[in-house]
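This report refers to the structure that appears directly beneath it.
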Amino acid sequence: MFSTDLLRVKYRKDKVYLNYLSEENYDLVEEIMSVIKENILVGEFNEEIKYLKKAYDPKLVEGIATLLLRKSVIESKSPIDPKIIRSRIFSYGPIIDEKEKMKVLDKIKQDLGVDPMKYIFSDLEEEMVIKSVPKIDLEDLIREYNFELLQTALMKTLKVNVYISNKWKELLFNAKKLGLMYNAYSDPFNVEIYGPASLLRLTERYGRSISMLLPIIISNKNWRIKGEFVGKYNRVYLLEANSNDALFPLNQQQNISFDSSIEKDFYSKMKVVASDWEIIREPEPLIASNSVFIPDFLLVKNNVKIYVEIVGFWTKEYLRRKSEKVKEIKLPLILIVDESLGYEDFKNENVIKFKKSINIASVYYLINKIYDNLIKTNSIKYDYNIELKEDIVTFDEISKKFNIPKEKIREEGFNIKGYTKLKKIFIKNDFLQNLKDKDFNNLKLSQLINQYGDWILDVLDFFGYQIKWINITDAIVKKV
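Using our numbering, the letters of the sequence shown map in sequence onto residues 3 to 482.
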């Protein structure tokens, strides 16, 4: 990405156009390439291109020169680190006497084996030596220039809408992992990305992140960008770009590495603290109306689902809009926000802020609060069309198998076809009838428990038997 002072655009009415290069610029680019040579100083190269800047667009010449230097191997000509030389010289403090100065320099020369004044600033860019020049053809250099020109233009945008023909999941995933502020829409699919110009601070850091997304965009055969560009006099212009506008790199996409330490730390700690919840990483996207959301985690307990998204860069307006759209999903979503990546105050009951690390206790408290509220208000829909094969099934077993809270199972309206509901179990009707035909009168309770299990207590109570204790460990079953 170029510095913004090298951006070349033209304005027409309410639109801004990028000054791309094409095959017509081959001669000019070739002339600039001919200036860079091996074993010359960077300063000498810069002096040479000054003449070209007078003959051609200086921004264009500087842009091509920047690319060539970036792709060259540049080294210091000093046999030792110039910082060591400077450190030795400055250690003597200010010396006014000329003879004393020469004496000190001679001593340093003998100690280090180099002329200190010759190499004292040889690590400055102007004093660096071009050891090898890039082997790149004209067309590839032009493609690279156009790519970086578009990257630089994105630095001056308020918002950008990206339309691509495929790889949309990859685009969303990377936009999210880069911490970009975005809104995704499903019909037609496009991603609205907030530009660096929408931030009052951290613009350069955010700009670097958005520039890393461009290779993924242009790797599509058909792509289109439509953005709000802040141009001269801070006026907003329409910026449009697409795959047919100019020559762009053919294989520009690279693997992007992410610092996922926050997500990893959250996951490992939640596994310990919230052991009663199932924690799923990177669940499927959520679609509400025309909006698409990519949560980081899904927390599941007894058919209750709570989504968690760890937000990167943010503004108050961005969080407000996201919170409003979350309501359309009609599924609880917690936003975890890094305070260092924003600058405003924003309060919401489902937003948790953190500075260096996420307070897992706060998250656990909030998910349980949401869970309790959903259970109390009967906001969770359960599939009661349950099919069982066993003769006896306890409430605990049903709760674990079908993710249904035991409180719901105990409710009067919760029934299972073909089964009778007792105090703590469901018993198959046929099996219950077989037990009904048996006579348990005057049998010892310990005998029945050993034969059937603890659940026989529910059956005996259902049939109207009473338990009469004969000692502290056993009882007799009596028919009333």
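Cβ coordinates follow ideal geometry from the N, Cα and C atoms, glycine included.
Bear in mind the structure is a predicted one, so any value in this text is a computation, not a measurement.
Those residues which DSSP pairs with residue i across a bridge
{"i": "Phe356", "result": "Asp340"}
{"i": "Glu311", "result": "Leu337"}
{"i": "Ala477", "result": "Trp471"}
{"i": "Val116", "result": "DSSP, once it has assigned bridges, lists no residue as partnering Val116."}
{"i": "Phe299", "result": "Arg283, Val310"}
{"i": "Leu204", "result": "Its beta-bridge partners do not exist; DSSP assigns none."}
{"i": "Arg2", "result": "No answer is possible for residue 2: the residues shown for the chain start at 3 and end at 482."}
{"i": "Tyr196", "result": "Lys161"}
{"i": "Leu216", "result": "Leu216 pairs with nothing; no bridge assigned."}
{"i": "Leu54", "result": "Beta-bridge pairing links Leu54 to no other residue."}
{"i": "Lys228", "result": "Asn163, Glu242"}
{"i": "Lys446", "result": "Ile478"}
{"i": "Phe191", "result": "Ser188"}
{"i": "Ile132", "result": "Ile42, Ile76"}
{"i": "Ser93", "result": "DSSP output for Ser93 lists no bridge partner at all."}
Beta-carbon proximity check, residue i vs residue j, cutoff 7 Å
{"i": "Ile418", "j": "Ile388", "result": "yes"}
{"i": "Val306", "j": "Tyr373", "result": "yes"}
{"i": "Ile98", "j": "Ile132", "result": "no"}
{"i": "Lys39", "j": "Pro136", "result": "no"}
{"i": "Pro285", "j": "Val294", "result": "no"}
{"i": "Phe268", "j": "Ile377", "result": "no"}
{"i": "Lys17", "j": "Leu240", "result": "yes"}
{"i": "Ile362", "j": "Val275", "result": "yes"}
{"i": "Asn246", "j": "Ser167", "result": "no"}
{"i": "Ala248", "j": "Leu215", "result": "no"}
{"i": "Asp125", "j": "Pro84", "result": "yes"}
{"i": "Gly65", "j": "Leu8", "result": "yes"}
{"i": "Ala243", "j": "Ile227", "result": "yes"}
{"i": "Phe428", "j": "Val395", "result": "yes"}
{"i": "Lys446", "j": "Tyr467", "result": "no"}
{"i": "Val106", "j": "Tyr94", "result": "yes"}
Minimum C-alpha distance to residue i - residue among the options
{"i": "Lys425", "options": "Glu409, Gln435, Leu216", "result": "Glu409"}
{"i": "Ile338", "options": "Ile331, Ile354, Lys324, Phe191", "result": "Ile354"}
{"i": "Phe356", "options": "Glu319, Val313, Leu335, Lys324", "result": "Val313"}
{"i": "Ile502", "options": "Lys266, Ala186, Pro334", "result": "Any question about residue 502 goes unanswered here, given that the chain covers just 3 to 482."}
{"i": "Phe465", "options": "Leu216, Leu434, Asn452, Asp125", "result": "Leu434"}
{"i": "Leu143", "options": "Leu30, Asn473, Ser448", "result": "Leu30"}
{"i": "Tyr367", "options": "Asp278, Gly415, Asp340, Ile400", "result": "Asp278"}
{"i": "Asn79", "options": "Asp117, Ser93, Leu107, Ile34", "result": "First, the residue type needs correcting, since residue 79 is Lys and not Asn in the sequence shown. The residue with the shortest Cα to Cα distance from Lys79 is Asp117."}
{"i": "Lys318", "options": "Pro334, Asn350, Ile289", "result": "Asn350"}
{"i": "Asp398", "options": "Tyr28, Arg237, Asn304", "result": "Asn304"}
{"i": "Ser448", "options": "Lys440, Ile469, Val232, Asn436", "result": "Ile469"}
{"i": "Asn375", "options": "Ser342, Pro334, Phe315", "result": "Pro334"}
{"i": "Thr159", "options": "Lys120, Leu204, Val232, Lys111", "result": "Val232"}
{"i": "Phe315", "options": "Ser342, Leu390, Ile406", "result": "Ser342"}
{"i": "Ser24", "options": "Leu140, Met104, Pro407, Asp108", "result": "Leu140"}
{"i": "Gly420", "options": "Asn405, Lys403, Leu390", "result": "Leu390"}
{"i": "Asp298", "options": "Asn236, Glu330, Leu174", "result": "Leu174"}
{"i": "Ile289", "options": "Glu311, Glu330, Ser263, Asn370", "result": "Glu330"}
Beta-carbon contacts of residue i that lie in its chain and below 8 Å, excluding the five residues immediately before and after
{"i": "Leu114", "result": "Ile82, Ile86, Ile87, Arg90"}
{"i": "Lys161", "result": "Glu194, Ile195, Tyr196, Gly197, Ser200, Gly229, Glu230"}
{"i": "Met2", "result": "Look at the range of the chain in this structure, 3 to 482, and you will see that residue 2 is not part of it."}
{"i": "Ser364", "result": "Ile354"}
{"i": "Asn41", "result": "Val131, Ile132, Lys133"}
{"i": "Arg323", "result": "Asn185"}
{"i": "Glu129", "result": "Leu43, Val44, Gly45, Ser78, Lys79, Phe123"}
{"i": "Lys234", "result": "Tyr13"}
{"i": "Ile51", "result": "Ile34, Val37, Val63, Glu64, Ala67"}
{"i": "Thr475", "result": "Ser448"}
{"i": "Asn222", "result": "Ile166, Ser167, Asn168, Lys169, Ser245"}
Same chain, Cβ closer than 6 Å to residue i, five either side skipped, listed in chain order
{"i": "Asp189", "result": "Asn292"}
{"i": "Leu70", "result": "Ile38"}
{"i": "Asn352", "result": "Ile336"}
{"i": "Asp393", "result": "Lys430, Phe433"}
{"i": "Glu280", "result": "Val302"}
{"i": "Asn163", "result": "Asn192, Glu194, Lys228"}
{"i": "Lys271", "result": "Ile362"}
Close-in-space but distant-in-sequence residues of the same chain around residue i (CB under 7 Å, 5 per side omitted)
{"i": "Leu300", "result": "Ile282, Pro285, Lys307, Tyr309"}
{"i": "Ala191", "result": "It is worth fixing the name first, because residue 191 is Phe in this sequence and not Ala. Correct list, in chain order: Trp170."}
{"i": "Asn21", "result": "Arg10, Val11, Lys12"}
{"i": "Lys440", "result": "none"}
{"i": "Glu146", "result": "Leu69, Pro251"}
{"i": "Tyr58", "result": "Leu30"}
Distance cut-off 6 Å: residue i Cβ against heavy atoms of the ligand COA
{"i": "Ile212", "result": "The ligand COA is not part of the structure shown, which contains no ligands of any sort."}
| field | Ordered list of beta strand (DSSP E) runs contained in the region 138 to 181, each at least 3 residues | value | 159 to 166
| request: Quick one: which unbroken beta strand (DSSP E) runs of 3-plus residues sit fully inside the region 230 to 288? Chain order, please. | output: 238 to 244, 280 to 283
| field | Entirely enclosed beta strand (DSSP E) segments - the region 381 to 433, minimum 3 residues | value | 394 to 396, 421 to 423, 427 to 430
| Residue ranges of each beta strand (DSSP E) within the region 63 to 87, 3 or longer | For secondary structure counted as the beta strand (DSSP E) over 3 or more consecutive residues, the region 63 to 87 holds these complete runs in sequence order: 75 to 77.
| field | In chain order, each beta strand (DSSP E) run of at least 3 residues that lies wholly inside the region 16 to 48 | value | If only complete runs of 3 or more residues are kept, the region 16 to 48 shows the beta strand (DSSP E) at 17 to 20, in order along the chain.
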